[in-house]
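Student: Heads up: the sequence shown begins at 881 in our numbering, then just goes up one per residue. Even for Gly, the Cβ is constructed at its ideal location relative to N, Cα and C.
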Amino acid sequence: MIQLARREDCSGCGACAAACPHEAIVMEADGMGFRYPHVDASRCVDCGLCEKVCAFSPAEGGGEIEAEAIRFPALLDGSQSGGLASALMEKAVLEGYIVYGAAMDAGFVVRHRRVTTLEQLPPLRLSKYVQSDMDGIPSKVLEDLRAGKKVLFTGTPCQCAGIGSLCAAFRERLILADIVCHGVPAPHVWRDYLPWASRGRHLTGALFRDPSLGWHEHKEVLLFGEEREVREEYTFLFYRHLMLRPSCSVCPFASLSRPSDITMADCWGVEKVLPGFADDNRGCSLLLANTEAGKAFTAVFPQACERKNIPLQQVIQRNMVRPTKPGRYAKSFENDYLRRGFAYVQAHYGSNSLNYKLENLVWQVKKRFRK
881 MIQLARREDC
891 SGCGACAAAC
901 PHEAIVMEAD
911 GMGFRYPHVD
921 ASRCVDCGLC
931 EKVCAFSPAE
941 GGGEIEAEAI
951 RFPALLDGSQ
961 SGGLASALME
971 KAVLEGYIVY
981 GAAMDAGFVV
991 RHRRVTTLEQ
1001 LPPLRLSKYV
1011 QSDMDGIPSK
1021 VLEDLRAGKK
1031 VLFTGTPCQC
1041 AGIGSLCAAF
1051 RERLILADIV
1061 CHGVPAPHVW
1071 RDYLPWASRG
1081 RHLTGALFRD
1091 PSLGWHEHKE
1101 VLLFGEEREV
1111 REEYTFLFYR
1121 HLMLRPSCSV
1131 CPFASLSRPS
1141 DITMADCWGV
1151 EKVLPGFADD
1161 NRGCSLLLAN
1171 TEAGKAFTAV
1181 FPQACERKNI
1191 PLQQVIQRNM
1201 VRPTKPGRYA
1211 KSFENDYLRR
1221 GFAYVQAHYG
1231 SNSLNYKLEN
1241 LVWQVKKRFR
1251 K
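1) Can you check whether the CB of Leu1168 is closer than 8 Å to the CB of Thr1204?
2) Mind listing, in chain order, the continuous alpha helix (DSSP H) runs of no fewer than 4 residues lying wholly within the segment 1176-1223?
3) Hey, how far is the Cα of Asp1141 from the Cα of Asn1235?
4) DSSP state of Gly1044, grouped into three classes?
5) Please identify the residue among Val1010, Gln960, Phe952 whose C-alpha is closest to the C-alpha of Gly892.
6) Whose C-alpha, out of Gly962, Asp957, Ala898, is nearest the C-alpha of Glu931?
7) Does the Cβ-Cβ distance between Gly1149 and Gln1194 come in under 8 Å?
8) Any chance you could list the alpha helix (DSSP H) runs of at least 4 consecutive residues sitting entirely within the segment 1053-1131, in chain order?
9) In the DSSP assignment, what residue or residues form a beta bridge with Val1013?
10) Roughly how many angstroms separate the alpha carbons of Glu1214 and Gln1197, rounded to a whole number?
11) Report all residues from its chain with a CB closer than 7 Å to the CB of His1228; omit the five preceding and five following residues, and keep chain order.
12) Using a 10 Å radius around the Cβ and a threshold of 16 neighbouring Cβ atoms, would you call Gly1156 buried or exposed?
13) Taking the continuous beta strand (DSSP E) assigned at Met881, which residues delimit it?
14) Excluding the 5 residues flanking Phe1118 on each side, which residues of the same chain have their C-beta closer than 7 Å to its C-beta?
15) Starting from Ala986, trace the beta strand (DSSP E) both ways and give me its first and last residue.
16) What whole-angstrom Cβ distance do Gly962 and Ser1165 have, given they're in contact under 8 Å?
17) State buried or exposed for Leu1218, treating a residue as buried only when at least 16 other CB atoms are found within 10 Å of its CB.
18) Look at the alpha carbon of Met907 and the alpha carbon of Glu1106, and state the distance between them as a whole number of angstroms.
19) Give the secondary structure of Leu1136 by DSSP, where H, G and I count as helix, E and B as strand, and everything else as coil.
20) Can you tell which of Val1201, Ile950, Gly928 has its C-alpha closest to the C-alpha of Ser1129?
21) In three-state DSSP terms, what is Met907?
22) So the candidates are Gln883, Pro953, Glu1023, Ile945; which of them puts its Cα closest to the Cα of Lys1175?
23) Flag this pair as yes or no: are the beta carbons of Phe1116 and Ser1231 separated by less than 8 Å?
24) Tell me where the alpha helix (DSSP H) around Lys1029 begins and ends.
25) For Ala1158 and Leu1093, I'd like the C-alpha separation in whole angstroms.
26) Using the beta-carbon count (16 or more within 10 Å), is Phe1033 buried or exposed?
27) Beta-carbon separation of Arg1053 and Gly1044 under 8 Å?
28) For Ala1184, which residues in the same chain have their Cβ closer than 8 Å to its Cβ, ignoring the five residues on either side in sequence?
29) Tell me whether Gln883 is buried or exposed, calling it buried when 16 or more other Cβ atoms sit within 10 Å of its Cβ.
30) Which one or two residues does DSSP pair with His918 in a beta bridge?
31) In or out: Asp920 buried (at least 16 other Cβ within 10 Å) or exposed?
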């Protein structure tokens, strides 16, 4: 029986619930919106399958990693890096794969969904800086594989690890593509931020990173019909590490031992390693082919692309080496959010708060003394 000693021990992938033959496990959200397994003891027979399938542990290295800087000119305008994720999904659909990826629904909730046609792919594009709802998805992936179908699953490393463990018997027909993940923010904070920022207006769209702002800008954009509003309150809280899932602080996948065949990321620093390759501020992807299956799948794309081998150590990112640690005020942020709501934590932890100004002052003083 799955028993969590602490919240940090669970990424919320849902593999345990999908593996249970007696449907004794339900993934339930806490006050932050993070899902955890809850066991109905009356249904549980202690078969141990849930514990066996749990994949929240370091991944085994798949061999020598091949790294490339890659971009797809025709996809840049609608992509936040170089278009790699879109290209992978388009290739998969054209080759008869079922594709799973995160999309924002009509209520602005980020959920994983199943896609079978090119016309269904656009909502899966662009980054979503909130943990996606995986309700029912692991079971659907397993069902597709059992039916003899090929599947491309895209998600965070912990989601990919869970899918890979659950579907280990069908691994030859499953391609896993993860991202270099900074950590997943709380779904309920995103949910409550939107009405606060909308101020009674009718919200018609939301972007976490609008490609039109340029590759290096990270601000959310809210749409109200024809009105377009660039904001950064949510992004600010994200980068202060105040609302990340507890398991992100001990993530076993923040390393070069990946649980997936393919890893995707922004190729930060490419301008220093490959001058002139992507200096137009329209984005560049980092492609890591971690396994032989990953290398074979990414060898050729149907779309025109620009790609060059790149020394991985020269573009390595922090979350490819270690997990993101919680911000100094993460615990008090959560307590205040649960008791007092979003408006309160925005006022007390946002960029104009006394809390942040004091923290920034301390940082400036330390910086001066280090010189």
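Tutor: Short version:
1) With contacts defined by Cβ atoms closer than 8 Å, Thr1204 and Leu1168 do not form a contacting pair.
2) You should have 1210-1220.
3) Rounded to the nearest angstrom, the gap between the Cα atoms of Asp1141 and Asn1235 is 42 Å.
4) Here Gly1044 sits in helix by DSSP.
5) The shortest Cα separation from Gly892 among Val1010, Gln960, Phe952 belongs to Val1010.
6) Comparing Cα positions, the closest option is Ala898.
7) Yes.
8) The segment 1053-1131 is shown to contain whole alpha helix (DSSP H) runs of 4 or more residues at 1067-1078, 1113-1119, in chain order.
9) Note that residue 1013 is Asp in the sequence shown, not Val. Asp1013 has Arg991 as its beta-bridge partners, per DSSP.
10) So the alpha carbons of these two residues sit roughly 28 Å apart.
11) Within the same chain, His1228 has close Cβ partners Asp1216, Asn1235.
12) By the 10 Å Cβ count, Gly1156 comes out exposed.
13) Note, Met881: premise wrong, no beta strand (DSSP E); not H, not E.
14) Cβ neighbours of Phe1118 beyond the five flanking positions: Tyr1009, Pro1065.
15) DSSP places Ala986 in no beta strand (DSSP E); its state is neither H nor E.
16) Gly962 to Ser1165, Cβ: 3 Å. Contact.
17) Exposed: under 16 other Cβ atoms inside 10 Å.
18) Answer to the nearest angstrom: the Cα atoms are 38 Å apart.
19) Here Leu1136 carries a coil assignment [DSSP, helix/strand/coil].
20) Here the closest residue by C-alpha is Val1201.
21) Residue state for Met907 is assigned as strand, using DSSP reduced to three classes.
22) With distances taken between Cα atoms, Lys1175 lies closest to Ile945.
23) Yes; because the gap between Cβ atoms is below 8 Å, this pair is in contact.
24) Secondary structure note for Lys1029: it is in no alpha helix (DSSP H), with a DSSP letter that is neither H nor E.
25) In this structure, the straight-line span from the alpha carbon of Ala1158 to that of Leu1093 is close to 16 Å.
26) Phe1033 is buried by the Cβ-count criterion.
27) Annotated as distal: Arg1053 and Gly1044, with beta-carbon spacing of 8 Å or more.
28) Answer for Ala1184: Phe952, Pro953, Ala954, listed in chain order.
29) The residue is exposed, with fewer than 16 neighbouring Cβ atoms inside 10 Å.
30) Val906, per the DSSP bridge assignment.
31) Sixteen is the threshold: since fewer than 16 other Cβ atoms of the shown chains lie within 10 Å of the Cβ of Asp920, the residue is exposed.
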